[in-house]
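K.L.:
Attaching a single structure in structure tokens format; questions to follow.
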Amino acid sequence: MPATRIIKISAENPDVQKIKEASEVLCSGGLVAFPTETVYGLGADALNTEAVQKIFKAKGRPSDNPLIVHIASLENIHQFAASVSEKGLQLAKRFWPGPLTLVFRKKENVPYEVTAGLETVALRIPDHSVTLELLRQFGGGIAGPSANVSGKPSPTSAEHVYNDLNGRIDLIIDAGPAKIGVESTVLDVTVDPPIVLRIGGLSREDIEKEISKVNLTDRSELLRRSPGTRHRHYATKAQVVLIPLADIKKFEECIKQYKEQRKKIGAITYSAILGSVDVPKFHVFLDSSIEHIARNLFGAMRELDRQNLDVILIESVEEKGLGAAVMDRLRKAAAHVG
Ligand code: AMP
Ligand code: MG
Numbered sequence: 062m063p064a065t066r067i068i069k070i071s072a073e074n075p076d077v078q079k080i081k082e083a084s085e086v087l088c089s090g091g092l093v094a095f096p097t098e099t100v101y102g103l104g105a106d107a108l109n110t111e112a113v114q115k116i117f118k119a120k121g122r123p124s125d126n127p128l129i130v131h132i133a134s135l136e137n138i139h140q141f142a143a144s145v146s147e148k149g150l151q152l153a154k155r156f157w158p159g160p161l162t163l164v165f166r167k168k169e170n171v172p173y174e175v176t177a178g179l180e181t182v183a184l185r186i187p188d189h190s191v192t193l194e195l196l197r198q199f200g201g202g203i204a205g206p207s208a209n210v211s212g213k214p215s216p217t218s219a220e221h222v223y224n225d226l227n228g229r230i231d232l233i234i235d236a237g238p239a240k241i242g243v244e245s246t247v248l249d250v251t252v253d254p255p256i257v258l259r260i261g262g263l264s265r266e267d268i269e270k271e272i273s274k275v276n277l278t279d280r281s282e283l284l285r286r287s288p289g290t291r292h293r294h295y296a297t298k299a300q301v302v303l304i305p306l307a308d309i310k311k312f313e314e315c316i317k318q319y320k321e322q323r324k325k326i327g328a329i330t331y332s333a334i335l336g337s338v339d340v341p342k343f344h345v346f347l348d349s350s351i352e353h354i355a356r357n358l359f360g361a362m363r364e365l366d367r368q369n370l371d372v373i374l375i376e377s378v379e380e381k382g383l384g385a386a387v388m389d390r391l392r393k394a395a396a397h398v399g
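The following block contains the structure:
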């Protein structure tokens, strides 16, 4: 495939003519990376089996990891879902467009590849002016996982997509950095109470304000309902080591230990207190608001990984609200060694 084209489109004032170009690529079975409020997605026509297969190939995505189908409006649910529970509809009405993916029983016309053979389909209306216009022009569902090489941190800018997928996809729409920076929350609403399959941009607390309770899963149920979660995620080349929040002693100990081992060290921290330590040369200091951390974390991990480090020390965050999604990503990143 020739080099990937990038078109810049303003999120404030989207150029419908440029969006038409992207829609045409999708109509002809091509791959388009598109902006969302969570992370960049890699899109294909959700009802075109061959186009969907190209997503798996471009990303190197394991075939048992299903894709989210992005839709333009509530009415489109019924193109893909065979049945919609009351709570599912209530949550869709309350939180769409937004960072919540809802898992419904699937209709028969949904290709096997999209759902990875499951009996369910994941749907979401993304909250992004450009992609909403793209969805309206395209007129169907866009299957779109995150637009990264499988296993790496998700892309929060067009540049991240380009670095991972140049030459493997047709087009990237560049509408600037993603606002939220972590992926959507995935909620299975085929059961009551609904089950959180992935915590993300919408917090459990916010969902429970709307419907009284959601459940978490144990690992075996998670693997049954969302088999793709077994795979490596958010892995950097360097080993990620988590430091407890504001734990200056642990931070210093780790630096000393890895220095003695002659390891090349990087760090991502948020607390001013850790900034006062003799920090490693490759240090990204993020403002401590959880929104800022979520928005910039994957970018910081990618930036440090370009320095060919051995270890990246990352400070933990408080595990509430969006912090739960950030800690989930950090634990997965730390689970991968080397
Ligand atoms: P990504 O967009 O790359 O973050 O990946 C999509 C996420 O949605 C993955 O965590 C999938 O496991 C999940 N997902 C997609 N479809 C389904 C489904 N039918 N059932 C459960 N999880 C799903
Ligand atoms: Mg992904």
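Its first residue numbered 62, the sequence shown is counted upward by one per residue in the numbering used here.
The C-beta atom is built at its ideal place from N, Cα and C for all residues, glycine as well.
1. Does the ligand MG have even one heavy atom less than 7 Å from the beta-carbon of proline 187?
2. Does the segment 186 to 193 touch the segment 211 to 231, meaning 3 or more C-beta pairs lie closer than 8 Å?
3. Report yes or no: do three or more beta-carbon pairs, one from the segment 321 to 331 and one from the segment 354 to 373, lie closer than 8 Å?
4. Under a Cβ-count criterion, where at least 16 other Cβ atoms within 10 Å of its own Cβ denotes burial, should glycine 399 be classed as buried or exposed?
5. By DSSP, does glycine 205 sit in helix, in strand, or in coil?
6. In terms of alpha-carbon separation, which member of Ile138, Glu364 and Leu150 lies closest to aspartate 253?
7. Taking isoleucine 203 as the reference, give the member of Pro172, Leu365 and Asn209 with the closest Cα.
8. Strictly by DSSP, which residues pair up with phenylalanine 43?
9. Looking at the unbroken beta strand (DSSP E) that takes in alanine 328, where does it start and where does it end?
10. Considering only C-alpha positions, which residue in the set Val130, Gly102 and His131 is nearest to alanine 119?
11. Going by beta carbon distance, what residues of the same chain come within less than 8 Å of tyrosine 223, once the five residues before and after it are set aside?
12. Return yes when the Cβ of glutamate 271 is within less than 8 Å of the Cβ of arginine 155, no when it is not.
13. Count the other C-beta atoms from every protein chain shown that fall within 10 angstroms of the C-beta of aspartate 279, then say buried if there are 16 or more, exposed otherwise.
14. What I want to know is whether the C-beta of serine 215 ends up closer than 7 Å to one or more non-hydrogen atoms of the ligand MG.
15. Between which two residues does the beta strand (DSSP E) holding valine 86 run?
16. By the three-class DSSP mapping on this structure, what secondary structure does asparagine 224 have?
17. Rounding to the nearest angstrom, what Cα-Cα distance links glycine 382 and valine 250 in this structure?
18. Which one or two residues does DSSP pair with phenylalanine 343 in a beta bridge?
19. Quick one: what's got a C-beta closer than 8 Å to glycine 45's C-beta in the same chain, skipping five residues either side?
20. When DSSP labels each residue in this structure, what does glycine 399 get in the three-state scheme?
21. Given that a residue counts as buried once 16 or more other Cβ atoms are within 10 Å of its Cβ, and exposed if not, what is serine 47?
22. Less than 6 Å between C-beta atoms, sequence neighbours within five positions excluded: which residues of the same chain meet that for tyrosine 319?
23. With 16 other CB atoms within 10 Å as the buried threshold, where does leucine 277 fall?
24. Compare the Cα-Cα distances from leucine 128 to each of His139, Ser144 and Gly104 and report the closest residue.
25. Return yes when the Cβ of isoleucine 116 is within less than 8 Å of the Cβ of proline 255, no when it is not.
26. Within 10 angstroms of the Cβ of glycine 121, are there 16 or more other Cβ atoms? Answer buried if so, exposed if not.
27. Using the three-state DSSP reduction, which class does alanine 64 fall into: helix, strand or coil?
P.N.:
So, from the listed chains and residues:
1. Numbered from 1 along the sequence shown, position 126 holds the residue referred to as residue 187. Proline 187 Cβ: outside cutoff for every heavy atom of the ligand MG.
2. no
3. yes
4. For the purposes of this step, residue 399 is taken as the residue at position 338 of the sequence shown. Residue confidence is low: glycine 399 scores 44 on pLDDT, short of 50, so the model does not pin down where it sits. No coordinate-derived value is stated.
5. Working through the sequence shown from its first residue, we reach residue 205 at position 144. Coil.
6. Residue numbering aside, residue 253 sits at position 192 when the sequence shown is read from its first letter. Looking at the Cα atoms, Leu150 is the closest of the given residues.
7. Numbered from its first residue, the sequence shown carries residue 203 at position 142. Of Pro172, Leu365 and Asn209, the residue nearest in Cα terms is Pro172.
8. Any property of residue 43 remains undetermined from this structure, which presents the chain solely from 62 to 399.
9. Within the sequence shown, numbered from 1, the residue matching residue 328 stands at position 267. Note, alanine 328: beta strand (DSSP E), 326 to 330.
10. Within the sequence shown, numbered from 1, the residue matching residue 119 stands at position 58. The residue with the shortest Cα to Cα distance from alanine 119 is Gly102.
11. To locate residue 223, count along the sequence shown from 1; it is residue 162. The answer, listed in chain order, is Thr65, Ile67 and Ile233.
12. Along the sequence shown, read from residue 1 onward, the residue named residue 155 stands at position 94. Along the sequence shown, read from residue 1 onward, the residue named residue 271 stands at position 210. Going by C-beta atoms, arginine 155 is nearer than 8 Å to glutamate 271.
13. To locate residue 279, count along the sequence shown from 1; it is residue 218. Classification of aspartate 279: exposed, given that the 10 Å Cβ count is below 16.
14. Position 154 of the sequence shown, counting from 1, holds the residue named residue 215. Answer for serine 215: yes, Cβ within range of the ligand MG.
15. Counting from 1 along the sequence shown, the entry for residue 86 is found at position 25. Run containing valine 86: none in the beta strand (DSSP E); it sits in the alpha helix (DSSP H), 77 to 88.
16. Position 163 of the sequence shown, counted from the start, is the residue given in the question as residue 224. Helix, per DSSP.
17. Residue mapping note: residue 382 aligns to position 321 of the sequence shown, counting from 1. Residue mapping note: residue 250 aligns to position 189 of the sequence shown, counting from 1. One C-alpha to the other measures close to 21 Å.
18. The residue given as residue 343 occupies position 282 in the sequence shown. Answer is Gly327.
19. The question about residue 45 has no answer here: the residues shown for the chain are numbered 62 through 399.
20. The residue you call residue 399 lines up with position 338 of the sequence shown. Below a pLDDT of 50, predicted positions are generally treated as unreliable, and glycine 399, at 44, falls in that range; the measurement from the model is reported next regardless. Note: glycine 399 maps to coil in three-state DSSP.
21. This structure cannot speak to residue 47, because the chain is shown only from 62 to 399.
22. Within the sequence shown, numbered from 1, the residue matching residue 319 stands at position 258. The residues are Ile326 and Val372.
23. As a position in the sequence shown, residue 277 is number 216, starting the count at 1. Looking at its Cβ environment, which holds fewer than 16 other Cβ atoms inside 10 Å, leucine 277 is exposed.
24. One-based indexing of the sequence shown puts residue 128 at position 67. When each option's Cα is compared against that of leucine 128, the closest is Gly104.
25. Stepping through the sequence shown from its first residue, residue 255 is reached at position 194. Stepping through the sequence shown from its first residue, residue 116 is reached at position 55. In this structure, isoleucine 116 does not lie closer than 8 Å to proline 255 by Cβ.
26. Taking the first residue of the sequence shown as 1, we reach residue 121 at position 60. The residue is exposed, with fewer than 16 neighbouring Cβ atoms inside 10 Å.
27. What you label residue 64 is simply residue 3 of the sequence shown in a count that begins at 1. Here alanine 64 sits in coil by DSSP.
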